[in-house]
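Chains as they are written, first to last, in our numbering: chain A, 7 to 139; chain B, 7 to 139. We treat Cβ as the ideally placed atom computed from N, Cα and C, and that holds for glycine.
2 protein chains.
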Amino acid sequence: MNTQLLQHIKWNNDGLIAAIAQDCNSGRVLMMAWMNAESLQLSIDSGDAVYWSRSRGKLWRKGESSGNVQKIRSMALDCDGDTLLIQVEQLGGIACHTGRQSCFYRTLSEGDWKITEKVLKDPATMYQHVEKA
Amino acid sequence: MNTQLLQHIKWNNDGLIAAIAQDCNSGRVLMMAWMNAESLQLSIDSGDAVYWSRSRGKLWRKGESSGNVQKIRSMALDCDGDTLLIQVEQLGGIACHTGRQSCFYRTLSEGDWKITEKVLKDPATMYQHVEKA
Chain A
7 MNTQLLQHIK
17 WNNDGLIAAI
27 AQDCNSGRVL
37 MMAWMNAESL
47 QLSIDSGDAV
57 YWSRSRGKLW
67 RKGESSGNVQ
77 KIRSMALDCD
87 GDTLLIQVEQ
97 LGGIACHTGR
107 QSCFYRTLSE
117 GDWKITEKVL
127 KDPATMYQHV
137 EKA
Chain B
7 MNTQLLQHIK
17 WNNDGLIAAI
27 AQDCNSGRVL
37 MMAWMNAESL
47 QLSIDSGDAV
57 YWSRSRGKLW
67 RKGESSGNVQ
77 KIRSMALDCD
87 GDTLLIQVEQ
97 LGGIACHTGR
107 QSCFYRTLSE
117 GDWKITEKVL
127 KDPATMYQHV
137 EKA
């Protein structure tokens with residue numbers, strides 16, 4: 007463990023930090039997920055984004071089933087130390103488990119959320135095994 | 007309250023949703039903060055970003071002291087319904103309470119966080135009153 011690096015992080019009560027993944031080429035914000043100390047260290051060491059899945063309660067190597075791995079190009083910490091911004095190269099061009107480029111595919115319009123982004127790949131064919139954020 | 011809009015949101019145990027503010031012109035991710043139902047509704051109704059300050063336990067009208075208001079251009083909800091991505095026009099060009107454009111001004115380099123963004127305005131002159139995320 008790199009204690010120098012980790013000591014600046016303000017973990018929440020569950021020992022997690024929010025991590026925003028941004029496409030380093032398009033600037034598109036792809037998703038927001040969570041990391042614990044282990045997943046952050048694994049991300050740094052491997053260069054591939056590894057999150058902590060709160061729903062599954064285990065490490066989540068992004069793209070382990072779909073192949074949509076996120077190659078980390080740089081990482082920044084915010085002023086409060088409780089959010090990471092990760093610039094990634096999104097392999098496959100798909101970050102969302104619905105088969106869309108970004109998880110932020112519902113846009114506020116006339117008082118409700120409208121789907122404004124198309125599915126690039128059918129999730130049924132995208133996963134060898136079930137993967138869900 | 008717009009219940010149709012709010013029912014798609016998955017509030018956390020504290021009744022909050024994460025909100026990422028992205029500069030609609032540069033694509034720069036500026037900050038991540040939190041909203042409760044009231045602050046989200048106020049944001050939508052007013053067109054200016056209103057957050058919930060967890061540290062102060064009250065509504066936080068971004069820029070109320072500094073003048074660095076965020077004019078909302080669009081808003082998107084992620085697949086899980088627990089994170090908002092808000093495209094904003096950042097008045098004053100400064101989102102961070104440290105006087106920097108973005109809160110993500112510390113970049114990982116050689117095993118530690120290095121400050122890679124300059125202060126555009128001294129916080130001492132930026133606030134009429136104390137404002138802190």
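Scanning chain B for C-beta atoms nearer than 8 Å to the C-beta of C109 (chain A) yields D84, C85, D86, T89, reported in chain order. Secondary structure within the segment 100-128 of chain B: the beta strand (DSSP E) runs of 3 or more consecutive residues, fully enclosed, are 112-115, 118-121 (chain order). The Cβ of Q28 (chain B) sits closer than 8 Å to at least one Cβ of chain A. Bounds of the beta strand (DSSP E) holding L90 (chain B) are 89-96.
Non-local beta-carbon contacts of G105 (chain B) in its own chain, meaning distances under 8 Å to residues more than five positions away in sequence, involve V125, L126, K127, D128, P129, M132 in chain order.
Nearest CB-CB separation between G117 (chain A) and chain B: below the 8 Å threshold. Around the beta carbon of N74 (chain B), 16 or more other beta carbons lie within 10 angstroms, which makes this residue buried. Along the segment 41-57 of chain A, going in chain order, the ones with a CB nearer than 8 Å to a CB of chain B are I50. In the DSSP assignment, A43 (chain A) falls within the unbroken alpha helix (DSSP H) covering 43-52. Rounded to the nearest angstrom, the gap between the Cα atoms of W119 (chain A) and D118 (chain B) is 40 Å.
Beyond the five residues adjoining it in sequence on each side, A82 (chain A) comes within less than 6 Å, by CB distance, of L91 in the same chain, given in chain order.
Taking the C-beta atoms as reference points, V35 (chain B) is found nearer than 8 Å to Q28 (chain A).
For A24 (chain B), the residues of chain A that pass the 7 Å Cβ criterion are A24, M38, in the order they occur in the chain. Here Q10 (chain A) carries a helix assignment [DSSP, helix/strand/coil]. Against chain A, the CB of G33 (chain B) has a partner CB under 8 Å away; the residue lies at that interface. Residue pairing for A25 (chain A): DSSP places it in a beta bridge opposite A:A39, A:L90. Contact check between the segment 56-76 of chain A and the segment 54-68 of chain B: fewer than three CB pairs, one atom from each, fall below 8 Å, which does not count as touching.
Residue environment: I100 (chain A) is assigned as buried (16 or more neighbouring CB atoms within 10 Å of its CB, all protein chains considered). Residue contact check for M81 (chain B) against chain A: a CB pair falls below 8 Å. Rounded to whole angstroms, the Cβ separation of I78 (chain A) and S49 (chain A) is 6 Å, and the two are in contact under 8 Å.
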